[in-house]
Amino acid sequence: MSPTSVDWSSIGCVCFDVDSTVCVDEGIDELARFLGCESEVQAVDVVQRLQDNGLHVCLVSGGFYPLVEPVAKLLNVPLENVYCNQLLFRDDGAYLGFDDTVPTCRSDGKATVVDGLIRRFQTGVIIVGDGMTDAKACPPATFFIGFGGNADRPPVRAATPYFCTTMQELLELFQSVGLVL
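Numbered by our numbering, the letters in the sequence shown go through residues 129 to 309 in order.
Okay, structure coming up:
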């Protein structure tokens, strides 16, 4: 299906997965190299262009907030637009676990987040990601764009007519459908 053969005009929000989409590696693999994440982020220009064109940008990740927050700051994504898992600690700093009330801790959590964003922004939503949890968020997302620049997964590629392997290709898709000038 040609991107220009469908109507993208309802889109007002673009959600990005973080691990293996915005960042090159999976967060759990990068925990020890946490401070080096900035050099791996390839999406700065795409996010800036979307925001410059009036679109809301959100990060929706199954990763953990301490890893996603610096990426959001680097991308200039407002922290209220970050949806990910939260670690819990006791007052003495001992690890307790994770917050199981956060939608992203469940396999259908990204769909739950997208549904909330549709209501919050009163607009169509695109989700961009490399995994099946991203694909399963459409619907309620208006469109799912598979991203294989860091991890090309055949089931994800098969789940969408829109699949990009570079951030430049993603930007060109957004330009071709009029989301960015």
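In this text, a Cβ means the ideal position worked out from N, Cα and C, and glycines have one as well. Keep in mind the model is a prediction, meaning the values are calculated, not measured.
8 Å Cβ cutoff met for residue i and residue j
i, j, result
"Val241", "Val188", "yes"
"Phe275", "Leu307", "no"
"Gly140", "Phe271", "no"
"Gly191", "Asp262", "no"
"Val175", "Asn204", "yes"
"Cys143", "Val253", "yes"
"Gly277", "Thr251", "no"
"Asp243", "Pro268", "yes"
Given residue i as reference, the closest of the options once Cα atoms are compared
i, options, result
"Pro194", "Cys212, Asn204, Val205 and Arg177", "Cys212"
"Pro289", "Val174, Ala239, Leu301 and Arg234", "Leu301"
"Phe226", "Asp173, Cys143 and Leu216", "Leu216"
"Ala279", "Val150, Asp173 and Val196", "Val150"
"Lys238", "Pro282, Asp145 and Lys201", "Asp145"
"Pro198", "Ile254, Thr294, Val172 and Phe291", "Val172"
"Leu309", "Leu178, Ser137 and Trp136", "Leu178"
"Val196", "His184, Asp180, Thr232 and Asn181", "Thr232"
"Leu245", "Cys186, Gln303, Gly182 and Ala286", "Cys186"
"Leu183", "Ser138, Gln214 and Leu202", "Ser138"
"Arg234", "Arg247, Asp220 and Gln214", "Gln214"
Extent of the continuous alpha helix (DSSP H) run through residue i
i, result
"Val196", "Tyr193 to Leu203"
"Leu309", "Run containing Leu309: none; DSSP gives neither H nor E here."
"Gly237", "Gly237 to Phe249"
"Leu178", "Val172 to Asp180"
"Val210", "Not the alpha helix (DSSP H): Val210 falls in the beta strand (DSSP E), residues Val210 to Asn213."
"Ala286", "Pro282 to Ala286"
"Asp262", "Met260 to Ala263"
"Leu299", "Met295 to Ser304"
Continuous beta strand (DSSP E) stretch holding residue i: start and end
i, result
"Val142", "Ile139 to Phe144"
"Val256", "Gly252 to Gly257"
"Leu224", "Tyr223 to Phe226"
"Gly274", "Phe271 to Phe275"
Status (buried if at least 16 other CB within 10 Å, exposed otherwise) for residue i
i, result
"Gly259", "buried"
"Ala200", "buried"
"Val256", "buried"
"Leu207", "exposed"
"Ala265", "buried"
"Leu224", "exposed"
"Val305", "buried"
"Glu166", "With a pLDDT of 42 at Glu166, under the threshold of 50, the predicted position of this residue should be treated as unreliable, though the coordinate-derived value follows. Its Cβ having fewer than 16 others within 10 Å, Glu166 is exposed."
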